[in-house]
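Here the structure is laid out as structure tokens; the discussion comes afterwards.
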Amino acid sequence: AQKITQTQPGMFVQEKEAVTLDCTYDTSDQSYGLFWYKQPSSGEMIFLIYQGSYDEQNATEGRYSLNFQKARKSANLVISASQLGDSAMYFCAMRELYTGGFKTIFGAGTRLFVKA
Amino acid sequence: SAVISQKPSRDICQRGTSLTIQCQVDSQVTMMFWYRQQPGQSLTLIATANQGSEATYESGFVIDKFPISRPNLTFSTLTVSNLSPEDSSIYLCSVESPYEQYFGPGTRLTVT
Numbered sequence: 264a265q266k267i268t269q270t271q272p273g274m275f276v277q278e279k280e281a282v283t284l285d286c287t288y289d290t291s292d293q294s295y296g297l298f299w300y301k302q303p304s305s306g307e308m309i310f311l312i313y314q315g316s317y318d319e320q321n322a323t324e325g326r327y328s329l330n331f332q333k334a335r336k337s338a339n340l341v342i343s344a345s346q347l348g349d350s351a352m353y354f355c356a357m358r359e360l361y362t363g364g365f366k367t368i369f370g371a372g373t374r375l376f377v378k379a
Numbered sequence: 009s010a011v012i013s014q015k016p017s018r019d020i021c022q023r024g025t026s027l028t029i030q031c032q033v034d035s036q037v038t039m040m041f042w043y044r045q046q047p048g049q050s051l052t053l054i055a056t057a058n059q060g061s062e063a064t065y066e067s068g069f070v071i072d073k074f075p076i077s078r079p080n081l082t083f084s085t086l087t088v089s090n091l092s093p094e095d096s097s098i099y100l101c102s103v104e105s106p107y108e109q110y111f112g113p114g115t116r117l118t119v120t
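Residue numbers (this note's numbering), protein chains in the order written: chain B, 264 to 379; chain V, 9 to 120.
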């Protein structure tokens, strides 16, 4: 069963506007972590933001914020004041615990295009 | 934070050969992870490598094809054996802290 769902294969946004990238997840665990990563065309994976399942406040990092709705199992990324350099692939990921350790699984990704 | 380097950054290999990828971390870490990213796809976990124990492989990945070594707390290698064109991918190693995950720059493998 798909555990991380990103329904938007591609998104367009005008420079300086805000954009929301959707992410829903499925887990029966009470303790888990949610991550967003940016992957520019260079291929590197850049960590953006983290939200723990017990965190009551939505995580924020500069222009990035995570709209965490636990009951709906959604963890949308909001990018404010988009810049041309934000054009990249964005991945949502969830960390689950299992016996002996943990692992992180990734969604399919959303490609963001920022228009001048 | 952790700084991770990988070697080689890219390689072109012939079918049937093997490639060993090295991953070096600038601090001691318990768990290291190896991922594969096929062209245009997301990341898929290959295996988790703990120092001093056998690597734990995910469904669809086997030790004979992807042997992993973890000789100490700062270093790991992933070998992709008996290469076929389907192995053409980016391979990334990563380490995790409680609230972050750090990736190496990746190794871009092309199999001809």
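Just so it is clear, CB atoms sit at the ideal spot from N, CA and C, and this is done for glycine as well.
- For B:Y295, no beta strand (DSSP E) run applies, since DSSP gives it neither H nor E.
- C-alpha of B:L347 to C-alpha of B:Q332: approximately 28 Å in a straight line.
- At a cut-off of 8 Å between C-beta atoms, B:Y353 does not count as an interface residue with respect to chain V.
- In the structure shown, the three-state DSSP call for B:D285 is coil.
- Around the beta carbon of V:Y99, a 10 Å sphere encloses 16 or more other beta carbons of the protein chains shown; the residue is thus reported as buried.
- Boundaries of the beta strand (DSSP E) around V:P79: 76 to 80.
- Counted as a single uninterrupted DSSP element, the beta strand (DSSP E) harbouring B:N330 occupies residues 327 to 332.
- Counting of Cβ neighbours within 10 angstroms places B:F275 among the exposed residues, the total staying below 16.
- Sorting B:T323, B:S345, B:Y317 by C-alpha distance to the C-alpha of B:K336 places B:Y317 at the top.
- The C-alpha of V:L117 lies about 26 Å from the C-alpha of B:L311.
- Think of a sphere of 8 Å around the beta carbon of B:E307: the chain V residues whose beta carbon falls inside it are F111, P113, G114, in chain order.
- The C-beta distance from B:M352 to B:I368 rounds to 16 Å, too long to meet the 8 Å contact threshold.
- Here V:Q32 is bridged, per DSSP, to V:S13, V:F83.
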